[in-house]
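Top to bottom, those sequences are chains D and W. Just so we're aligned: 7 in the UniProt record's numbering is position 7 of the first sequence, and the numbers increase by one with no gaps anywhere. Just so we're aligned: 38 in the UniProt record's numbering is position 38 of the second sequence, and the numbers increase by one with no gaps anywhere. Cβ atoms here follow ideal geometry from the backbone N, Cα and C, with glycine treated the same way. Just so we're clear, the structure is a prediction, and the values are computed from it rather than from any experiment.
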Amino acid sequence: MMKALGSSRLSRRRFLIASASLGVGTIAAPYVARADDPTLRITGWGGKWGEVMKAEIGPAFESEFKCKLQIDSAFPYLPKLQASSRSAPIYDVLHTNSNEQWAAAEMGLVEPKIDPNLVPNLADVYPYAVSDKIVGVSIFTSAIGLGLRTDKGYGPITSWKELWDAKYNGVRGGYVIPVNSLGQAFLMMCGTLFGKGQTDLDAAYAALEKLKPIKIVDFTGAMEKMLLSGEVSLCVIHDSGIYRYDGQNQPTDFVSPSEGVLSLEQVLTITPGSKMKELANAYVNYMLRPEVQKRLAETVWYSPANKKVKLDAKYDAKLLTTPEKVSKLIQVDWKWYNERKDEIDQRVNRIFRA
Amino acid sequence: MSSVASQRPNGLALFILPGALLFASFFFLPIGLMALMSVLTGNPVVMPKVSFTTRHYARMIGDPYYLEVIWTTIRIGLVTTLVALLIGYPLAHWMARIKSRTGHALLLMAVLAPMLTGIVVRTFAWMTLLSDKGVVNQTLMSLGLIAQPLKLMYTETGIVVGLVHIYVPFMVLTLTGVIGRIDERLEQAAENLGASPLRAFLEVTLPLSLPGILAGSLLVFALAISAYVTPILLGGFQIMTLPILIYQQISANFNVGFAAALGIVLLVISLLLVIAYNRALGLVSGQRELQ
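Here it is, written out as structure tokens:
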């Protein structure tokens with residue numbers, strides 16, 4: 001009896017073993033418990049988008065659909081998808097901008113359309129989200145227009161053409177066209193502004209020549225920083241890149257030019273070789289739900305694609321939330337653009353070299 | 001007994017085997033694949049019909065833009081190497097000849113300290129100095145010396161400044177070892193025979209330190225022509241170099257074949273440089289067998 005009692009005493013060694021086991025068990029428990037859960041591999045942005053996806057939207061989806069969501073936010077996504085096997089692609093759902101989605105569709109890496117029978121919320125989206133200019137479905141859009149420093153006394157801006165005004169020499173901002181969606185969309189806008197239309201490349205090249213001197217960056221985050229620091233005073237930018245600093249008293253504003261704003265779509269597509277088709281369609285449908293759209297729109301200042309979304313007044317006033325506002329959007333023919341991308345890249349690289 | 005001994009695996013070979021396998025897996029295999037991709041019409045793993053082609057190389061030769069990019073890359077590499085040598089040689093000479101141990105340690109720390117910070121951070125530091133609203137321009141403007149900001153960024157000069165800052169330690173450390181092994185008494189003998197200190201340096205120390213100059217230059221040049229972060233941040237995509245073009249082809253044009261061909265060209269430039277280095281080293285040191 002005494003021996004039995006004695007053997008049950010807590011020695012230091014037993015305490016350490018028990019503590020270690022408990023620790024390992026605690027850390028491993030969620031993984032062990034969910035080891036059999038199916039995994040949906042998707043792509044997604046970092047920053048505020050990544051934060052809210054990780055903290056709220058992603059876990060809610062995992063809980064509802066009893067699965068794991070594996071999000072790759074290390075851009076660029078398409079080369080990785082391109083390198084993976086068609087029958088076992090690295091992603092089930094590809095989230096990226098429309099120009100890359102078109103390139104992916106052309107290479108057969110994503111399915112060109114989403115089946116409305118499998119994604120019921122597709123019935124509630126604005127026509128632009130599933131137009132012939134879109135592969136898959138656009139779940140959000142931003143408006144590409146002009147970003148302006150309001151503290152430099154430049155006065156009101158109404159037209160894209162004011163970007164060519166000599167007073168902005170040295171403080172004008174644009175993008176590295178070969179690698180940036182906004183830059184590519186803007187090139188097409190140049191064709192519309194100074195030529196016969198989006199596809200008038202000669203007019204666009206001539207207009208770009210006249211934009212120099214211009215400071216160019218490769219991604220919009222860098223342009224936001226340049227505008228905030230005063231390195232540029234007038235630049236091409238999307239509305240989210242200005243509105244996300246709302247409430248910080250920054251001397252910047254977004255201008256919707258009278259000629260219209262370009263559409264920067266956030267597009268979802270499903271890969272043909274995905275083994276998680278049902279879950280992938282469920283994810284697309286989930287991202288189009290009004291409550292999910294509202295939460296994300298009010299976090300990152302993207303205009304929701306679902307017509308039924310009711311945003312708070314502050315967001316509703318600025319984002320594209322009515323058919324009238326959405327009608328201002330100009331969509332780019334990315335299929336046409338991608339077919340000529342090499343030729344365009346060579347030309348613009350020459351135009352903007354120092 | 002002797003036959004048993006001959007069948008026993010060589011201990012040294014077994015020791016080298018893991019390293020050799022690692023080297024083959026992570027060096028020869030990727031480069032071999034890159035060379036293969038550069039002459040194929042697509043990726044054979046994921047595409048059904050793939051054939052051999054020379055179109056990627058023909059595109060490079062046929063368009064003078066790519067030749068300009070190659071020349072820009074080489075020019076930046078050469079200027080960076082030259083400036084790094086001009087800054088690094090006196091510093092390395094000082095480090096090699098300083099008598100004080102503390103002084104040597106302080107100099108070594110000064111050379112190594114920048115290497116403790118990441119390249120991205122150091123390049124961003126240069127951006128805060130060289131941009132239009134940066135320290136240099138703001139200071140000059142506040143002093144009334146200039147009315148408009150000087151164009152310090154988005155130029156080849158800006159890139160060279162950033163690269164030199166990053167690669168000078170490589171030059172200094174390579175040179176210090178070589179200069180340190182040169183017998184000081186040779187210089188003293190030259191001076192005793194009537195040579196001025198400058199002539200003694202030019203005719204004794206400098207020729208003897210040539211292997212170090214060549215080795216350091218080779219290292220800095222190879223690093224400079226393959227640099228990506230600094231040219232992209234300080235050049236703002238307005239100065240196109242081969243590494244930037246390769247990244248652009250993979251990330252935005254999804255043209256792996258052309259990117260591979262560009263990569264092979266970059267590799268060939270580096271290899272030619274190594275061969276030229278070996279020849280030059282053989283000539284200056286009189287050790288023909290090095291070739």
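7 Å Cβ shell around residue i - same chain, five flanking residues per side excluded
| i | result |
| --- | --- |
| residue 181/D | 97, 99, 264 |
| residue 45/D | 73 |
| residue 183/D | 174, 175, 176, 177 |
| residue 15/W | none |
Inter-residue Cα distance where the pair is residue i and residue j
| i | j | result |
| --- | --- | --- |
| residue 229/D | residue 40/W | 46 Å |
| residue 127/D | residue 268/D | 15 Å |
| residue 272/W | residue 115/W | 28 Å |
| residue 80/D | residue 141/D | 24 Å |
| residue 246/W | residue 339/D | 20 Å |
| residue 75/D | residue 75/W | 31 Å |
| residue 194/D | residue 229/W | 36 Å |
| residue 149/D | residue 138/W | 19 Å |
| residue 226/D | residue 252/D | 11 Å |
| residue 156/D | residue 172/D | 16 Å |
| residue 98/W | residue 125/W | 31 Å |
| residue 18/W | residue 28/W | 15 Å |
| residue 6/D | residue 22/W | Per-residue confidence for residue 6/D stands at a pLDDT of 43, beneath the threshold of 50, marking its modelled position as unreliable; no derived number is given. |
| residue 351/D | residue 37/W | 30 Å |
| residue 54/D | residue 116/D | 27 Å |
| residue 150/W | residue 271/D | 50 Å |
| residue 353/D | residue 238/W | 4 Å |
Sub-8 Å separation of residue i and residue j beta-carbons
| i | j | result |
| --- | --- | --- |
| residue 261/D | residue 328/D | yes |
| residue 288/D | residue 122/D | yes |
| residue 332/D | residue 198/D | yes |
| residue 284/D | residue 114/D | yes |
| residue 304/D | residue 160/D | no |
| residue 144/D | residue 185/D | yes |
| residue 140/W | residue 158/W | no |
| residue 220/W | residue 170/W | yes |
| residue 224/W | residue 167/W | yes |
| residue 168/D | residue 118/D | no |
| residue 123/W | residue 162/W | yes |
| residue 95/W | residue 108/W | yes |
| residue 80/W | residue 136/W | no |
| residue 92/D | residue 282/D | no |
| residue 210/D | residue 232/D | no |
| residue 147/D | residue 242/D | yes |
| residue 66/W | residue 349/D | no |
Other residues of its chain near residue i: CB distance less than 6 Å, five sequence neighbours each side excluded
| i | result |
| --- | --- |
| residue 315/D | 298 |
| residue 192/D | 198 |
| residue 34/W | 260, 263 |
| residue 345/D | 178 |
| residue 134/W | 128 |
| residue 289/W | Low confidence applies to residue 289/W: its pLDDT is 46, below 50, so where it sits in the model is not reliable enough to give any reading. |
| residue 112/D | 105, 135 |
| residue 52/W | 39 |
| residue 222/W | 270 |
| residue 266/W | 242 |
Residue range of the unbroken alpha helix (DSSP H) whose run includes residue i
| i | result |
| --- | --- |
| residue 167/W | 156-180 |
| residue 342/D | 341-352 |
| residue 173/D | Note, residue 173/D: premise wrong, no alpha helix (DSSP H); beta strand (DSSP E) at 172-175. |
| residue 355/D | Absent from the model: residue 355/D. The displayed extent of chain D is 1 to 354, so no value can be given. |
| residue 102/W | 101-112 |
| residue 90/D | No alpha helix (DSSP H) holds residue 90/D; DSSP gives it neither H nor E. |
| residue 185/W | 184-192 |
| residue 221/W | 210-225 |
| residue 158/D | Careful: residue 158/D lies outside any alpha helix (DSSP H) and carries neither H nor E. |
Near the ligand SAH: residue i beta-carbon under 7 Å from a heavy atom
| i | result |
| --- | --- |
| residue 49/W | You won't find the ligand SAH in this model; it holds no ligand whatsoever. |
Cβ neighbours of residue i in the same chain (closer than 8 Å, five flanking residues each side left out)
| i | result |
| --- | --- |
| residue 284/W | 207, 210, 211, 214 |
| residue 250/W | 256, 259 |
| residue 68/D | 34, 37, 38, 39, 40, 62 |
| residue 236/W | 153, 154 |
| residue 291/W | At residue 291/W, the pLDDT of 39 sits below 50, so the modelled position is not reliable; the number obtained from the coordinates is stated separately. Here the set comprises 278, 279, 282. |
Span of the beta strand (DSSP E) around residue i
| i | result |
| --- | --- |
| residue 41/D | 39-43 |
| residue 254/W | Looking at the DSSP string, residue 254/W is not in any beta strand (DSSP E), and its letter there is neither H nor E. |
| residue 185/D | Where residue 185/D is concerned, there is no enclosing beta strand (DSSP E), although the alpha helix (DSSP H) it sits in stretches over 181-194. |
| residue 69/D | 68-72 |
| residue 237/D | 234-238 |
| residue 124/W | Unbroken run through residue 124/W is the alpha helix (DSSP H), 119-130; no beta strand (DSSP E). |
Legend entry - Contained alpha helix (DSSP H) runs [length at least 4] in the segment 6-86 of chain W, N- to C-terminal order: 11-23, 29-37, 55-62
Legend entry - Ranges of the alpha helix (DSSP H) found wholly within the segment 259-336 of chain D, counting only runs of at least 4: 277-287, 290-300, 313-318, 323-326
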